[in-house]
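Right, one structure below, let's go through it.
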Amino acid sequence: MSIGYACLTIGVRDTDFKSCMLKNVSEAKLIELIGHNLHSLEKVIDYNLANRINLFRISSDLIPFGSSPANPLPWEEIFSAQLQQIGLKIKQSGMRVSMHPGQYTVLNSPDAGVVSRAMEDLTYHARVLDSLGTDVKHKIVLHIGGVYNDKEKAINRFISHCRQLDPAVKRRLVPENDDRSYSIEEVLEIGTRLKAPVVFDNLHHAINPSADKMSDADWIKQCQKTWQSGDGRQKIHYSQQNKEKKPGSHSDTIEINEFMHFYDSVAGDNLDVMLEVKDKNLSALKCINCTAADKSIKYLEKEWSRYKYTVLERSPAAYQEIRRLLRIKTEYPALAFYTTLEAALQSPLETGHAINAAQHVWGYFKDVATANEKETFLKNINHYQSGNTGNGSLKKYLWKMAVKYRCSYLLDAYYFIF
DNA sequence: TGACGTCAAGATCCG
DNA sequence: CGGATCTTGACGTCA
0 MSIGYACLTI GVRDTDFKSC MLKNVSEAKL IELIGHNLHS LEKVIDYNLA
50 NRINLFRISS DLIPFGSSPA NPLPWEEIFS AQLQQIGLKI KQSGMRVSMH
100 PGQYTVLNSP DAGVVSRAME DLTYHARVLD SLGTDVKHKI VLHIGGVYND
150 KEKAINRFIS HCRQLDPAVK RRLVPENDDR SYSIEEVLEI GTRLKAPVVF
200 DNLHHAINPS ADKMSDADWI KQCQKTWQSG DGRQKIHYSQ QNKEKKPGSH
250 SDTIEINEFM HFYDSVAGDN LDVMLEVKDK NLSALKCINC TAADKSIKYL
300 EKEWSRYKYT VLERSPAAYQ EIRRLLRIKT EYPALAFYTT LEAALQSPLE
350 TGHAINAAQH VWGYFKDVAT ANEKETFLKN INHYQSGNTG NGSLKKYLWK
400 MAVKYRCSYL LDAYYFIF
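The first sequence runs 0 to 417 under numbering that gives the first Met the number 0.
Here you go:
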């Protein structure tokens, strides 16, 4: 089983994606943006490799206006060296990538213009995966689309439009159930007719269930039948409901105990699990560390190095508890570690604890900082302590110091993110 | 006609 | 002027 995340990273330097508004598009601008984004993608792939993350969804925003006439550039050729280099890293590491056009790519619309733009968009996605030199196991996941008061006709339109797609798209296309219109049962029917593999999404299924009641694990087994050996391992999407938001909203983080319950229910299946969650790579690392065969405490220590000041400012008690958990180097208390971590990150921020954590971080600079810098730090502390503001600017200042003094330990810390 | 979802760009405000 | 915060854009469907 591989576990992965979608599109963006949290807390990884130089992995941001840039875009521009349609009215500001120019060739020079596009070339600058594409170059920047490919550089970011390579950094993401490097990060994934260094953190044993083998599953990743590439953002549709990689090439700005990639499916629009606004971008007529032959970017595969212009950036072929960069693309090949990234593709080589993907191939040599055995990483599996995918893409997933959003809710606005609608292949089954009754509007011919919408359909032709959807086809252009799918072609663009295949161009990206082809230009990286990835084989057809690297999929493009797509929703069925709208209903238009006649689901049978809408389904038939989806199928007939799929059959008209360029083979480069068709061989990668994988339909997925959605949370309002097409249940997993309906998508399985469509996938079977198209001989296309089907992605099961657990949260969509919970909100938009099939008439035929089965457990998630059983639906996953049904979907398994649509995956041929040439398609690679069966893929599913896994997410959890954000309890503060409306049904279907993804949670901020994957609650590890809930995930493990699900994991145990599908443990016999050979699955790739794409997480859809706000904290992206952070949850992927969490789930990987709790399920990986290699149970070396060094993976938890690495996590601790990134989380520790965030935990310290939320809960000094949890900080001590995790230090205790990680003391015995022959053990691997991954579940206890992440459970304690989750609880700590949900604790309300107390000013005193936040100042204590800030002073710990300041410890990295107190011997090298100039008199002015010390004064600025104290000013920030006092300003925060006065209670008129959050500790955002205090953290920003500490971040500036970490960059200036190239404190690599701090530069990877989640403390500056949340 | 606005809500839906998503992210960064652009715009505006503030000290 | 820099930094913080608010608004817009880009997409299609549905109530």
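We treat Cβ as the ideally placed atom computed from N, Cα and C, and that holds for glycine.
Please read these numbers as outputs of a predicted model, since none were measured by experiment.
CA nearest to the CA of residue i, picked from the options
i	options	result
P100	F78, L202 and S66	S66
V198	A216, A210 and D211	A216
E151	I235, I189 and K224	I189
G144	H160, D268, V402 and V127	H160
T290	G34, D129 and A333	A333
V24	A69, N256, I380 and R12	A69
A27	Q221, I77 and D13	I77
K423	Y46, P315 and W303	Residue 423 lies beyond the range of the chain shown here (0 to 417); nothing can be said about it.
K169	K220, D230 and R179	D230
N241	V276, E300 and Q223	V276
E341	L281, Y383 and R156	L281
A356	A167, T375, Y306 and N387	Y306
K301	V146, R51 and N256	R51
V43	L32, S58 and E31	S58
I206	N256, K220, Q223 and S180	S180
M400	Q358, R156, N381 and M94	Q358
R171	A412, L141, N148 and Y147	L141
K224	A117, Q384, D268 and Q102	D268
K220	A266, D178 and A210	A266
Residue i, DSSP secondary structure in three states
i	result
I211	Note on residue identity: the sequence assigns Asp, not Ile, to residue 211. It is coil, neither helix nor strand.
L234	The question names Leu, but residue 234 in the sequence shown is Lys. Reduced to three states, the DSSP call for K234 is strand.
E151	helix
D165	coil
V140	strand
R179	coil
V360	helix
S418	Lying outside 0 to 417, the shown extent of the chain, residue 418 is not represented and no answer is given.
P332	coil
S407	helix
M0	coil
F447	What is shown of the chain runs 0 to 417, which leaves residue 447 out entirely.
P174	strand
D268	coil
Q345	helix
V146	coil
V96	strand
Q240	strand
V197	coil
For residue j and residue i, the rounded distance between their alpha carbons
i	j	result
C19	P63	8 Å
K365	K373	7 Å
G351	P208	47 Å
G362	A353	14 Å
E330	K194	47 Å
V96	Q319	39 Å
P246	T339	27 Å
G3	K279	8 Å
E349	R313	7 Å
W226	P196	5 Å
T8	N176	25 Å
S238	K403	38 Å
G132	T122	15 Å
T107	I154	Before going on, a small fix: residue 107 reads as Asn here, not Thr. For N107 and I154, the distance between alpha carbons rounds to 7 Å.
L187	D251	29 Å
G10	H260	28 Å
E243	G34	38 Å
E75	S346	48 Å
L82	L37	7 Å
L29	L21	11 Å
R56	H236	11 Å
D13	S39	6 Å
Cutoff 6 Å; reference residue i; Cβ partners in own chain excluding five residues on either side
i	result
S92	L48
D271	S1, L54, R232 and K234
I287	I2
D120	S66, P100 and T104
L128	H137
S264	A216
Beta-carbon proximity list for residue i, same chain, < 7 Å, skipping 5 on both sides
i	result
W398	F415
W218	I183, F199 and H204
F258	C286
D60	F16 and S18
T388	H382
Cβ-based neighbour list, residue i, same chain, cut-off 8 Å, excluding 5 preceding and 5 following
i	result
K294	Y331 and A333
Y408	S304 and Y363
R192	I158
E41	Q81, Q84, I85 and K88
N201	D215, I235, H236, Y237, S238 and F261
Would you mind listing the alpha helix (DSSP H) stretches within the stretch 272-305 that are 4+ residues and don't spill past its ends, in chain order?
279-290
In chain order, which continuous runs of the beta strand (DSSP E) of length 3 or greater are located wholly inside the stretch 12-93?
Every beta strand (DSSP E) stretch that sits fully inside the stretch 12-93 and reaches 3 residues is listed by chain position as 54-56.
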